[in-house]
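Single-structure report; data block below.
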Amino acid sequence: MKSLRSHRQVFYCGSASDPAGKEGLAAVTAQLVLHGATLQRSYREKLDDFFRMAAHVEIQVDQELTVLTRLVNEDHAASLAANLRYGPPDAPLAQV
Amino acid sequence: MMFKGTPTYPPERYEATLRSAGASQNAYTDDDLTAYHTTFTREDLEPILAIDYDRLAYVDYTEDAFRTEASAVLAEYNKDSAEPFRLLDEKLRAAAFPAHPYGHTTMGFLSDIEQMSGRYDYSRHFHHLYYRPGNTTIILAGDITPADARRLVGQYWSSWQPGPPIPAVPPSPDATGPNEVHIAWPAPTLPLLQLAWRAPAYSDNTPDSAALDLISYLYFSSASSLYAGLVLEDQLCDIFGGMYADHIDPFLYTITARIKDPQRIPQVRDRILTTVQHLCAHPIAPARLDLVRSHLRYSFTMRMDHAEGVASLLARYVALRRTPSTIERLYEQYAMLTPDHIQSVARSVFREHNLTTALLEGPR
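Protein sequences appear in the order of chains A and B.
Residue numbers for the first sequence follow this note's numbering, so the first one is 32 and each next one is one higher.
Residue numbers for the second sequence follow this note's numbering, so the first one is 189 and each next one is one higher.
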């Protein structure tokens, strides 16, 4: 086994970015990024992947920032990053 | 009482030594061990070894101090009584172990706690009996070689004298279930259901413990189908899990569910028991077994990324067999497990006479 990799990804949006009448949207979005299925991976496949790697993944939403934290063995660093990719780059944006 | 000081190191001097080292310190008690842990930098190792030896071997306290502490324990018990899980644990243990010390929580029965303030002499006897070198393991994790660790522990701890023989805990009579316990909680709360089967003592030369650990991950963890059904899809429970806790004597395999709607209690219980019947009747797919083995190996190493993590992980295993190689032996058992092993262990444990069911409910 190799060493651990610790990684932070900062998104410059938080609860202050919530549109009027849609308060809490930043928090829900963060939970979907972390736990939701993607076009490539079902929820069950994501869960099994995280479990196999024993990856520690969490997402924290503040007023101005959303921070995705990953801690995983180097053996799985690349596949965890791929697992968390949020859909293909050309996926259509939903209307909010 | 171990924080009450000694003739050489009264509490103020002890605290000053810790403060000057910037050390963090705490302790915990479980069914089979009591652990004292301190984290500090390498240059403070010798003073910490000196004060820890002194307090563990020579703790001294007056009857008044003991009475005060006993009152604090009673207050803590009363505070914790506001937590439904605490009462559930207390009642489940009492029902499952009518004639073994596992029948009470580490804090003890309320009737004993209420009388504790009058048992100063026995508390001194307890310390005299159990706090002895033959009953202790010292774990040093961090920037130190094994040779230096042995030399320093010898230097500071070698005058500790062996004590009288420690009486063995009488074996628990075989389970004679099924037993059921119903606990009426006086205020509105979500129902708590526990199904607990008498399970074998920890072993790393048989597949029993390893198989029960894997059963938890395969069938009752957040990666299991039952969890997905009860918590995510049907949303019948907001807390769910199964656990085999390593113990020196036979303890319990426990499945716990917090159920959102009291009307759904029978449904949740049936789905748990159906899963138990299924795992006894059908071997697990080898690919799922490999998934859990991978999880166990990586999660173990994830917890060893700092000295305190290494020491706390070791303490749990060393307490079972007095050697760090306990970990290797257990992981060898994980590696050797087959679907047939798991099925065979499940069939021997998940039997009706081993089962105690505890249900805690508020007023309907």
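Where is the CB? At the ideal position from N, CA and C, for every residue including glycine.
Model, not experiment: these values are computed from the prediction.
Does the region 393-400 of chain B come within contact of the region 411-418 of chain B, defined as at least 3 CB pairs closer than 8 Å?
-> no
Residues that N214 (chain B) bridges to, as DSSP identifies them = B:H225
Just to confirm, are L369 (chain B) and A546 (chain B) a CB contact at a threshold of 7 Å?
-> It should be pointed out that residue 369 (chain B) corresponds to Val in this sequence rather than to Leu. Contact flag set, yes.
Below 7 Å between beta carbons: does that hold for S360 (chain B) and F314 (chain B)?
-> no
Under a three-way DSSP split, which group does A85 (chain A) fall into?
-> coil
Minimum C-alpha distance to F408 (chain B) - residue among B:L461, B:D362, B:L275, B:H494 = B:L461
Tell me N367 (chain B)'s beta-bridge partners as DSSP assigns them.
-> B:T544
Distance, D478 (chain B) Cα to T364 (chain B) Cα | 36 Å
In this structure, does DSSP put F439 (chain B) in helix, strand or coil?
-> strand
Straight-line CA distance for H494 (chain B) to A57 (chain A)?
-> 33 Å
With 16 as the cutoff for other CB atoms within 10 Å, does T442 (chain B) come out buried or exposed?
-> buried
At least one CB of chain E closer than 7 Å to the CB of S404 (chain B): is that the case?
-> Here the protein chains are A and B, and chain E is not one of them.
For N104 (chain A), return the contacting residues in chain B, with the cut-off set at a CB-CB distance below 8 Å.
-> Y486, T489, M490
Under the three-state reduction of DSSP, which class applies to L381 (chain B): helix, strand or coil?
-> strand
Verify the CB distance criterion: does L479 (chain B) have a CB-CB separation below 7 Å to chain A?
-> yes
Flag H494 (chain B) as yes if its beta-carbon sits less than 7 Å from any beta-carbon of chain A, otherwise no.
-> no
Excluding the 5 residues preceding and the 5 following K33 (chain A) in the sequence, name in chain order all residues of the same chain whose CB lies nearer than 7 Å to its CB.
-> N104, E105, D106
Report the three-state DSSP secondary structure of S412 (chain B) (helix, strand or coil).
-> coil
P199 (chain B) to D248 (chain B), Cα distance in whole Å?
-> 10 Å
Between which two residues does the beta strand (DSSP E) harbouring N104 (chain A) extend?
-> 97-104
Return helix, strand or coil for F191 (chain B), following the three-state DSSP convention.
-> coil
Residues of its chain near H483 (chain B), where Cβ-Cβ distance is below 7 Å and the 5 sequence neighbours each way are ignored = Y405
Could one say the Cβ of S412 (chain B) lies closer than 7 Å to chain A's Cβ atoms, at least one of them?
-> no
With DSSP as the reference, label H483 (chain B) as helix, strand or coil.
-> helix
Is it true that the region 534-551 of chain B meets the region 369-379 of chain B, where meeting means three or more beta-carbon pairs spaced less than 8 Å apart?
-> yes
I think D426 (chain B) touches R446 (chain B), with their Cβ atoms under 8 Å apart; what is that distance to the nearest whole Å?
-> 6 Å
Answer yes or no: the CB of L501 (chain B) versus the heavy atoms of the ligand ADP, is any distance below 6 Å?
-> As presented, the structure is devoid of all ligands, the ligand ADP included, so that no description of it is given.
Length of the line joining the Cα atoms of L508 (chain B) and P366 (chain B) | 29 Å
In terms of residue numbering, what span does the alpha helix (DSSP H) encompassing G550 (chain B) cover?
-> No alpha helix (DSSP H) contains G550 (chain B), which DSSP labels as neither H nor E.
Answer with yes or no whether the minimum CB distance from A108 (chain A) to chain B is below 7 Å.
-> no
Own chain, CB closer than 7 Å to T205 (chain B), minus 5 neighbours either side, in chain order | P235, I239
Interface residues of chain A facing H483 (chain B) [CB-CB closer than 7 Å] = F82, R83, A85
Supposed close pair W151 (chain B), Y241 (chain B) - CB separation, criterion 8 Å = Any property of residue 151 (chain B) remains undetermined from this structure, which presents chain B solely from 189 to 552.
Could you give the DSSP three-state label for A329 (chain B): helix, strand or coil?
-> coil
Determine contact between the region 312-330 of chain B and the region 497-512 of chain B, defined as no fewer than three beta-carbon pairs at a distance below 8 Å.
-> yes
Where does the unbroken beta strand (DSSP E) through Y432 (chain B) begin, and where does it stop?
-> 425-432
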